[in-house]
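Have a look at the structure below before the remarks.
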Amino acid sequence: MAGDHIIDLKHVSKRFGDKVVLDDINLYIRKGEFVTLLGPSGCGKTTTLRLISGFLAPDEGEILLNGKDISGIPPYKRPFNTVFQRYALFPHLDVYDNIAFGLKLQKVPEDEIDKRVGRVLKLVSMSDYEDRDVESLSGGQQQRVAIARALVNQPEILLLDEPLAALDLKMRKDMQIELKEMHRKLGITFIYVTHDQEEALTLSDTIVVMNEGKIQQIGTPTDIYNEPVNCFVADFIGESNILKGRMLRDRRVAFIKHEFDCVDEGFGEDVPVDVVVRPEDIYFTTDPAKCQFKATVNSCIFKGVHYEMWVDTDTGYELMIQDYDPYEVGTEVMLYIDPDDIQVMHKERTRNVFDGKMVDETHVEMIGGVFECLPQPGLSGGENVKVEATFEAVDLLDHQEDGVVAGEVHFLLYKGDHYHLTILTDEGYHLWVDTNDIWDKGDLVGVNIAAADLKITKCDEA
Amino acid sequence: MKKFLAKAYIYILLVLLYAPLIFIAVFSFTESKVLGNWTGFSTRLYANLFTGNMQGSSSLLSAVENTLLIALISALVSMLLGTIAAVGIYNLRNRTRQAVTFLNNIPMINPDVITGVSLFLLFVFLHISQGYTTVILAHISFGTPYVVLSVLPKLAQMNPNIYEAALDLGATPSQAFWKVLVPQLRPGMISGFILAFTMSLDDFAVTFFTRGTIGLDTLSTYIYTDARKGGLTPELRPLMTLIFLIILVLLLVINLRSARTKTPNRAR
Numbered sequence: 021m022a023g024d025h026i027i028d029l030k031h032v033s034k035r036f037g038d039k040v041v042l043d044d045i046n047l048y049i050r051k052g053e054f055v056t057l058l059g060p061s062g063c064g065k066t067t068t069l070r071l072i073s074g075f076l077a078p079d080e081g082e083i084l085l086n087g088k089d090i091s092g093i094p095p096y097k098r099p100f101n102t103v104f105q106r107y108a109l110f111p112h113l114d115v116y117d118n119i120a121f122g123l124k125l126q127k128v129p130e131d132e133i134d135k136r137v138g139r140v141l142k143l144v145s146m147s148d149y150e151d152r153d154v155e156s157l158s159g160g161q162q163q164r165v166a167i168a169r170a171l172v173n174q175p176e177i178l179l180l181d182e183p184l185a186a187l188d189l190k191m192r193k194d195m196q197i198e199l200k201e202m203h204r205k206l207g208i209t210f211i212y213v214t215h216d217q218e219e220a221l222t223l224s225d226t227i228v229v230m231n232e233g234k235i236q237q238i239g240t241p242t243d244i245y246n247e248p249v250n251c252f253v254a255d256f257i258g259e260s261n262i263l264k265g266r267m268l269r270d271r272r273v274a275f276i277k278h279e280f281d282c283v284d285e286g287f288g289e290d291v292p293v294d295v296v297v298r299p300e301d302i303y304f305t306t307d308p309a310k311c312q313f314k315a316t317v318n319s320c321i322f323k324g325v326h327y328e329m330w331v332d333t334d335t336g337y338e339l340m341i342q343d344y345d346p347y348e349v350g351t352e353v354m355l356y357i358d359p360d361d362i363q364v365m366h367k368e369r370t371r372n373v374f375d376g377k378m379v380d381e382t383h384v385e386m387i388g389g390v391f392e393c394l395p396q397p398g399l400s401g402g403e404n405v406k407v408e409a410t411f412e413a414v415d416l417l418d419h420q421e422d423g424v425v426a427g428e429v430h431f432l433l434y435k436g437d438h439y440h441l442t443i444l445t446d447e448g449y450h451l452w453v454d455t456n457d458i459w460d461k462g463d464l465v466g467v468n469i470a471a472a473d474l475k476i477t478k479c480d481e482a
Numbered sequence: 002m003k004k005f006l007a008k009a010y011i012y013i014l015l016v017l018l019y020a021p022l023i024f025i026a027v028f029s030f031t032e033s034k035v036l037g038n039w040t041g042f043s044t045r046l047y048a049n050l051f052t053g054n055m056q057g058s059s060s061l062l063s064a065v066e067n068t069l070l071i072a073l074i075s076a077l078v079s080m081l082l083g084t085i086a087a088v089g090i091y092n093l094r095n096r097t098r099q100a101v102t103f104l105n106n107i108p109m110i111n112p113d114v115i116t117g118v119s120l121f122l123l124f125v126f127l128h129i130s131q132g133y134t135t136v137i138l139a140h141i142s143f144g145t146p147y148v149v150l151s152v153l154p155k156l157a158q159m160n161p162n163i164y165e166a167a168l169d170l171g172a173t174p175s176q177a178f179w180k181v182l183v184p185q186l187r188p189g190m191i192s193g194f195i196l197a198f199t200m201s202l203d204d205f206a207v208t209f210f211t212r213g214t215i216g217l218d219t220l221s222t223y224i225y226t227d228a229r230k231g232g233l234t235p236e237l238r239p240l241m242t243l244i245f246l247i248i249l250v251l252l253l254v255i256n257l258r259s260a261r262t263k264t265p266n267r268a269r
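Top to bottom, those sequences are chains P and C. Residues in the first sequence are numbered from 21 upward in steps of one, following the working numbering. Residues in the second sequence are numbered from 2 upward in steps of one, following the working numbering.
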């Protein structure tokens with residue numbers, strides 16, 4: 021372990037009842053770093069922060085501060101201070117007393133308190149507000165007081181739990197710049213929790229992308245943006261075209277039924293992959309020699325700095341393009357993509373695989389339902405089997421009761437010519453579906469799979 | 002005409018409600034021994050009450066003293082227990098919290114006689130000799146739910162993070178409780194205290210059953226015994242008038258307080 025780690029999380033897991041909120045988290049944070057835990061709500065980022073601050077204890081694993089386990093240390097003895105989401109100022113105290121709260125508990129001499137409170141108020145540009153009632157302040161001012169209250173104790177680490185979420189856009193942008201400036205001036209470690217990817221990209225030295233209790237990717241903002249490791253990260257950070265592809269050989273990939281040069285190696289030959297192309301990385305050209313594929317513009321919207329256009333490729337895929345110059349709807353355009361700008365990712369899965377159990381020769385029980393299947397001569401009832409189904413084979417039905425099992429659309433990705441959905445069944449199983457139908461996140465669906473589409477093999481005895 | 006009737010109705014109701022009180026108050030200013038005889042305006046009874054120049058004055062005074070002491074002690078203890086209980090109830094899981102809040106409300110609607118008799122039986126069963134202590138314990142038991150009920154809404158209004166914020170800034174759990182939670186809950190605690198205090202002052206049935214046989218009297222039991230001994234002592238008339246006025250002032254204080262604490266919330 022390197023000596024400059026201030027925090028180490030090792031194999032940390034946390035459950036609330038039956039629900040696993042953190043699943044084997046491994047993470048280190050370097051001294052002086054600005055680290056952001058980024059993810060959608062319910063991904064476990066706030067739980068991670070609360071484990072570090074000590075308001076929760078991990079079920080498994082350990083949390084180290086400067087190499088020493090701190091699981092036995094209560095929150096009030098940890099050298100961290102937190103800026104809470106809804107400020108959490110003490111309404112019965114004025115600005116000065118709010119900030120001095122921690123110092124008074126430590127019995128710091130009066131004149132020293134005066135000096136330090138004055139200094140942090142200046143740092144957050146709130147110098148003349150000492151005697152103000154905190155409830156009379158605006159949201160932005162309250163947040164500044166909350167930051168000052170945390171910083172005055174000179175913590176080794178400042179923890180920030182979505183501190184800007186309650187502010188309006190303009191104020192949020194200003195505060196981002198100020199936070200970054202404070203981090204530079206103070207040189208202490210900041211651990212920041214947010215669901216706002218733009219905020220994370222602006223502020224952080226390192227971003228930890230989380231989803232469903234697992235760390236998806238750790239990296240610098242440019243790494244995360246340019247080289248997402250999976251579809252979730254690519255989709256969550258910025259806009260992207262995520263497409264099904266095939267790695268032909270090193271540095272050569274096929275997608276949208278065209279072949280492109282790329283810079284990725286080591287995937288093997290003729291391997292299915294996912295490809296990410298950022299919308300600003302698809303270029304228009306008038307030079308036929310540069311043109312890699314043709315497309316027709318089908319919509320064009322002005323977004324302030326750039327235009328956002330959707331084009332239909334000559335091979336039937338839809339792509340998003342961002343450019344400073346608009347092209348009229350209906351125009352036929354020539355396009356190319358730089359090899360550098362094609363990000364190739366391993367496919368996380370190529371088909372659904374379930375553990376099942378034969379009920380009788382033509383029925384199999386899996387993911388909480390009994391599905392019909394083709395007659396399976398060699399298999400008797402009660403036998404454990406492995407069931408496979410392609411993404412296209414899964415049928416989604418409008419009414420939950422029409423399906424063999426019920427679930428909801430948990431996550432969806434547009435892949436240029438079809439949607440790739442993650443379905444979470446009521447029993448808590450995941451399955452993946454490719455479909456041309458349009459669903460929204462949260463839609464309740466019934467799930468069915470045709471008998472002929474289930475491929476059943478006998479489980480290897482374990 | 003219709004409007005006149007509607008107005009008259011409310012005034013008739015008010016007169017009926019307050020007639021007995023006004024009656025007592027008016028007749029506290031005359032010397033007659035028999036209630037209902039007007040023998041001319043006089044403040045003699047008030048003077049007697051305060052100088053002690055009356056029959057049975059010392060037992061009346063000790064009854065007043067007992068009443069106030071019991072009310073004060075039981076209301077203070079209720080406030081403490083009720084506040085701690087409210088914090089506990091608030092932190093329960095949703096379902097359990099609703100159940101416990103419901104259980105908390107039952108003693109308040111339970112008839113006093115039943116509370117009194119059941120406490121009496123409990124004390125007998127536990128071989129606790131009845132007297133001052135049992136009366137105070139009994140009053141604490143029916144006062145506490147009122148405190149819980151007035152502190153719970155204050156907890157719900159509070160930003161749940163402020164307790165954690167205090168811990169985060171280095172306060173121990175007990176420091177966080179006293180320096181952050183208590184100031185936030187204080188208005189609810191005071192309302193609860195005043196409620197418990199007035200309920201205790203007011204109580205007859207529970208006291209009657211739990212005071213034992215040592216001759217402990219509070220005002221209500223004193224008046225009850227006195228009235229049965231052939232007529233109310235005349236000095237009780239000014240005394241009751243004064244008590245009514247004190248309760249009235251307390252109620253006004255409660256209402257003004259809750260009106261005032263509501264305004265800043267609206268402003269936010």
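Ideal Cβ positions, reconstructed from N, Cα and C, are used throughout, including at glycine.
Option in P:Ser61, P:Lys264, P:Val349 and P:Lys88 with minimal Cα separation from Gly233 (chain P) = P:Ser61
Simplified DSSP state of Ile235 (chain P), which is helix, strand or coil | strand
Where Arg267 (chain C) falls: helix, strand or coil (DSSP) = Annotation note: pLDDT 38 at Arg267 (chain C) (below 50); position unreliable, coordinate value reported separately. Of the three classes helix, strand and coil, the one that applies to Arg267 (chain C) here is helix, per DSSP.
Inter-residue CB distance, Val152 (chain C) and Met190 (chain C) (contact presumed, cutoff 8 angstroms) | 6 angstroms
Mind listing which residues of the segment 151 to 181 of chain C have their C-beta closer than 7 angstroms to chain P's C-betas, in chain order?
-> Asn160, Asn162, Ile163, Glu165, Ala166, Leu168, Asp169, Leu170, Gly171, Ala172, Thr173, Gln176 and Val181
Cβ separation of Ile262 (chain P) and Leu433 (chain P), assumed to be a contact under 8 angstroms, to the nearest whole Å | 6 angstroms
Helix, strand or coil: how does DSSP classify Ala482 (chain P) here?
-> Low confidence applies here, because Ala482 (chain P) scores a pLDDT of 46, under 50, leaving its location unreliable; read the following figure in that light. In this structure, Ala482 (chain P) counts as coil in the three-state DSSP scheme.
Using three-state DSSP, classify Met21 (chain P) as helix, strand or coil.
-> Only weak support exists for where Met21 (chain P) lies, its pLDDT of 46 falling under 50; the value from the coordinates is given anyway. Here Met21 (chain P) sits in coil by DSSP.
In terms of DSSP beta bridges, what is Val331 (chain P) paired with?
-> P:Val317 and P:Leu339
In or out: Gln56 (chain C) buried (at least 16 other Cβ within 10 Å) or exposed?
-> exposed
Is the shortest distance between the beta-carbon of Pro184 (chain C) and the beta-carbons of chain P less than 8 angstroms?
-> yes
Does the beta carbon of Val465 (chain P) fall short of 7 angstroms from some heavy atom of the ligand FAD?
-> This structure lacks the ligand FAD, and indeed carries no ligand of any kind.
Is the segment 175 to 187 of chain P in contact with the segment 196 to 209 of chain P, if contact means three or more CB pairs nearer than 8 angstroms?
-> yes
CB-CB under 8 angstroms to Asn118 (chain P), same chain, minus the five flanking residues each way: which ones, in chain order?
-> Leu109, Phe110, Val154, Val165 and Arg169
Using Cβ-Cβ distances below 9 angstroms, what residues of the segment 94 to 108 of chain P are close to chain C?
-> Pro94, Pro95, Tyr96, Lys97, Arg98, Phe100, Asn101, Thr102, Phe104, Gln105, Arg106, Tyr107 and Ala108
CA-CA distance, Arg269 (chain C) and Thr240 (chain P)?
-> Bear in mind that the predicted position of Arg269 (chain C) carries a pLDDT of just 34, short of 50, making it too unreliable to give a figure here.
Could you pull out every residue in the same chain whose Cβ sits closer than 8 angstroms to the Cβ of His383 (chain P), ignoring the five residues on either side in sequence?
-> Val390, Phe391, Glu392 and Cys393
Measure the CB-CB distance between Arg271 (chain P) and Cys282 (chain P) and report whether it falls below 8 angstroms.
-> yes
For Ala228 (chain C), the first and last residue of its enclosing alpha helix (DSSP H) = Leu220 to Arg229
Note down, in chain order, each residue of its chain lying with its Cβ closer than 7 angstroms to the Cβ of Ala206 (chain C), except the 5 sequence neighbours on either side.
-> Asp113, Val114 and Gly117
Leaving out five residues on either side along the sequence, give the residues of the same chain with a beta carbon under 6 angstroms from the beta carbon of Ser221 (chain C).
-> Phe205
Contact with chain C by Asp450 (chain P), beta-carbon distance below 8 angstroms = Checking the sequence shown, residue 450 (chain P) turns out to be His, not Asp. No, because no Cβ of chain C sits closer than 8 angstroms to the Cβ of His450 (chain P).
Rounded C-alpha distance that separates Thr306 (chain P) from Thr316 (chain P) = 14 angstroms
Beta-carbon proximity list for Leu82 (chain C), same chain, < 6 angstroms, skipping 5 on both sides = Thr145
Three-state secondary structure (DSSP) at Thr455 (chain P)?
-> strand
Three or more C-beta pairs below 8 angstroms linking the segment 281 to 295 of chain P and the segment 358 to 365 of chain P | yes
Closer than 7 angstroms, Cβ to Cβ, to anything on chain C: give me those residues from the segment 66 to 86 of chain P, in chain order.
-> Ser73 and Phe75
Give the range of the beta strand (DSSP E) segment to which Ala186 (chain P) is assigned.
-> Ala186 (chain P) -> no beta strand (DSSP E), and no H or E assigned at all.
Which one or two residues does DSSP pair with Lys89 (chain P) in a beta bridge?
-> For clarity, residue 89 (chain P) is Asp in the given sequence; the question names Lys instead. For Asp89 (chain P), which the question treats as bridged, DSSP gives the partners P:Leu84.
Rounded straight-line distance, which links the Cα of Phe210 (chain C) to that of Tyr225 (chain C) | 13 angstroms
Any C-beta of chain C under 8 angstroms from that of Lys406 (chain P) | no
Note down, in chain order, every chain D residue with its Cβ under 7 angstroms from the Cβ of Gly122 (chain P).
-> Of the protein chains in this structure, namely P and C, none is chain D.
Around the C-beta of Pro248 (chain P), are 16 or more other C-beta atoms found within 10 angstroms, so that it is buried, or is it exposed?
-> buried
If you drop the 5 nearest sequence neighbours on each side, which residues of the same chain put their C-beta closer than 6 angstroms to that of Val55 (chain P)?
-> Ile49, Ile211 and Thr226
According to DSSP, what are the bridge partners of Asp153 (chain P)?
-> P:Asp114
What does Asn173 (chain P) touch in chain C if you count any residue whose Cβ is under 8 angstroms from its own?
-> Leu170 and Gly171
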